[in-house]
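Participant:
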Amino acid sequence: MSSNIRVAVVTGGNKGIGLAIVRDLCQQFSGDVMLTARDVARGQAAVQQLQAEGLSPRFHQLDIDDLRSIQALRDFLLKEYGGLNVLVNNAGIAFKTVDPTPFHIQAEVTMKTNFLGTRNVCTELLPLIKPQGRVVNVSSTESVRALNNCSPELQQKFKSETITEEELVGLMNKFVEDTKNGVHKKEGWPSTAYGVTKIGVTVLSRIYARKLSEQRAGDKILLNACCPGWVRTDMAGPKAPKSPEEGAETPVYLALLPSDAEGPHGQVAVPPRTARTSFFCPTSSLASPGPQEWSPTFCFLPSGRHSLSNSM
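Take 1 as the starting number for the sequence shown in my numbering and just add one per residue.
1) So residue 226 is in the beta strand (DSSP E); what residue range does that whole segment cover?
2) Near residue 154, what residues of its chain come up, given a Cβ to Cβ distance below 6 angstroms and the 5 sequence neighbours on each side ignored?
3) Kindly indicate the opening and closing residues of the alpha helix (DSSP H) around residue 24.
4) With contact counted as at least three CB pairs below 8 angstroms, one residue from each stretch, are the region 155-171 and the region 253-270 in contact?
5) With DSSP as the reference, label residue 114 as helix, strand or coil.
6) Note down the Cα distance separating residue 64 from residue 13, rounded to an integer number of angstroms.
7) Going by the CB atoms, is the gap between residue 270 and residue 227 shorter than 8 angstroms?
8) For the alpha helix (DSSP H) containing residue 59, list its first residue and its last residue.
9) Compare the beta carbon distance of residue 8 and residue 25 with 8 angstroms and say whether it is the shorter of the two.
10) I'd like the span of the alpha helix (DSSP H) that includes residue 75, first residue to last.
11) Under the assumption that residue 30 contacts residue 68 (Cβ atoms under 8 angstroms), give the Cβ distance between them as a whole number of angstroms.
12) Quick check: the region 198-213 against the region 135-153, are there 3 or more CB pairs under 8 angstroms?
13) Considering only their Cβ atoms, is the gap separating residue 92 from residue 123 smaller than 8 angstroms?
14) Around the Cβ of residue 99, are there at least 16 other Cβ atoms within 10 angstroms (buried) or fewer (exposed)?
15) According to DSSP, is residue 9 helix, strand or coil?
16) Roughly how many angstroms separate the alpha carbons of residue 103 and residue 173, rounded to a whole number?
17) Would you identify the three-state DSSP class for residue 318, choosing helix, strand or coil?
18) Can you tell me which of 106, 243, 220, 161 puts its alpha carbon nearest to the alpha carbon of residue 96?
19) Using CA atoms only, rank isn't needed, just tell me which of 118, 119, 83 is closest to residue 133.
20) Leaving aside the five residues before and after residue 266 along the sequence, list all residues of the same chain whose C-beta is less than 6 angstroms from its C-beta, in chain order.
21) Is residue 135 closer than 8 angstroms to residue 223 when the C-beta atoms are compared?
22) Are residue 110 and residue 193 closer than 8 angstroms when you measure CB to CB?
23) Where does residue 52 land, buried or exposed, given buried means 16+ other C-beta within 10 angstroms?
24) When the Cα atoms are used, what is the spatial distance from residue 85 to residue 257?
25) Please report how far the alpha carbon of residue 313 lies from the alpha carbon of residue 157, in whole angstroms.
26) Leaving aside the five residues before and after residue 70 along the sequence, list all residues of the same chain whose C-beta is less than 6 angstroms from its C-beta, in chain order.
27) I'd like to know whether the C-beta atoms of residue 89 and residue 148 end up nearer to each other than 8 angstroms.
28) Mind reading off the beta-carbon distance from residue 46 to residue 35? Whole number of angstroms is fine, and I expect it under 8 angstroms.
29) Cβ of residue 21 within 8 angstroms of Cβ of residue 87?
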């Protein structure tokens with residue numbers, strides 16, 4: 001296949017927000033859209049569902065917990081396309097609130113997928129991103145709630161403009177170890193494995209954006225995180241107010257930023273209504289935020305449909 005054909009990859013694309021992202025990209029992206037899923041049968045069933053709608057996604061197996069699976073996708077993309085134009089890291093897991101699994105096991109399992117798995121995908125695939133490429137890491141407003149419940153010392157570390165990837169990985173590993181030792185509360189951590197892993201994804205996005213600016217400044221690659229909002233999925237439950245299609249709007253917007261766009265880069269995009277919910281960002285901080293506050297400032301994009309945080 002010619003490397004002139006553009007390609008977009010969506011992880012965790014067989015259901016929920018991921019499937020909605022794939023559907024939107026099939027309709028709007030000028031190139032091939034690669035739906036990836038851990039389970040081959042479920043992934044192929046999702047492809048058939050979209051084909052029945054008149055769309056033409058491609059499928060490739062991807063288990064982000066398995067480095068060999070990630071590398072197999074990497075090799076496929078290099079062979080078939082000579083690289084990658086759009087990467088949407090959507091795959092993730094969360095335990096239900098009533099799940100009886102011991103918290104330290106929840107922490108380890110959730111961290112393995114949401115943070116370490118996403119990091120491994122970025123490690124293998126970011127070097128493949130072509131000039132003017134777009135990378136979107138799906139985070140969550142739960143990361144903000146979790147950060148606000150961290151100790152001041154941990155908050156300072158996560159907010160640091162100079163935090164390194166190695167330091168962030170160390171903090172994520174420390175959280176898991178602290179849960180195993182039963183001291184995570186004493187050490188300043190909140191009791192939400194999902195929220196902490198999404199802190200990791202958000203901060204990791206800022207780190208990678210900084211690296212891209214330093215190492216590939218002329219390539220105009222834009223990397224951002226986003227919070228799709230509370231969406232009705234298997235993970236979030238049926239009471240959420242937003243449909244998967246609505247949840248896909250923000251990540252798709254970032255994935256399709258025009259080739260001549262100068263930004264956003266290294267930011268967090270949030271749906272406007274989510275930006276205005278009190279648990280995420282009080283109205284007062286929207287009006288006059290401090291420059292180093294985690295509660296971010298927001299500006300409306302030209303579409304009027306999304307807000308951007310310029311602090312992660």
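Virtual Cβ for every residue (Gly too), placed ideally from N, Cα, C. Computed from a predicted structure; not experimentally measured.
Facilitator: Let me lay it out:
1) Taken as a continuous stretch (DSSP letters only), the beta strand (DSSP E) holding residue 226 covers 222-226.
2) The residues 188, in chain order, have a CB closer than 6 angstroms to that of residue 154 in the same chain once the five nearest residues on each side in sequence are set aside.
3) Membership of residue 24 in the alpha helix (DSSP H) is indicated by the continuous run 16-28.
4) No, the region 155-171 is not in contact with the region 253-270.
5) The three-state reading of DSSP puts residue 114 in helix, counting H, G and I together.
6) Roughly 12 angstroms between the two C-alpha positions.
7) Taking the C-beta atoms as reference points, residue 270 is found nearer than 8 angstroms to residue 227.
8) Note, residue 59: premise wrong, no alpha helix (DSSP H); beta strand (DSSP E) at 58-61.
9) Cβ atoms of residue 8 and residue 25: closer than 8 angstroms.
10) Note, residue 75: alpha helix (DSSP H), 67-81.
11) With a Cβ gap of about 31 angstroms, residue 30 and residue 68 do not count as contacting.
12) Yes, they touch.
13) Cβ distance not < 8 angstroms, so residue 123 and residue 92 don't count as in contact.
14) The residue is exposed, with fewer than 16 neighbouring Cβ atoms inside 10 Å.
15) Looking at residue 9 - three-state DSSP - the assignment turns out to be strand.
16) Roughly 15 angstroms separates the two Cα atoms.
17) Coverage of the chain is limited to positions 1 through 312, which leaves residue 318 absent and any answer about it impossible.
18) Looking at the Cα atoms, 106 is the closest of the given residues.
19) Comparing Cα-Cα distances from residue 133 to each of 118, 119, 83, the minimum goes to 83.
20) Same-chain partners within the cutoff: 206, 209.
21) Yes. Within cutoff.
22) With respect to residue 193, residue 110 sits close: the two C-beta atoms are nearer than 8 angstroms.
23) By the Cβ-count criterion, residue 52 is exposed, with fewer than 16 other Cβ atoms from all chains shown falling within 10 Å of its own Cβ.
24) Looking at the two C-alpha atoms, the distance is approximately 12 angstroms.
25) Given that the chain is displayed from residue 1 to residue 312, the structure contains no residue 313 and the question cannot be resolved.
26) 120, 121, 124.
27) Their beta carbons are not under 8 angstroms apart, which means residue 89 does not touch residue 148 by this criterion.
28) In this structure residue 46 is in contact with residue 35, their Cβ atoms being roughly 6 angstroms apart against a cut-off of 8 angstroms.
29) No; because the gap between Cβ atoms is not below 8 angstroms, this pair is not in contact.
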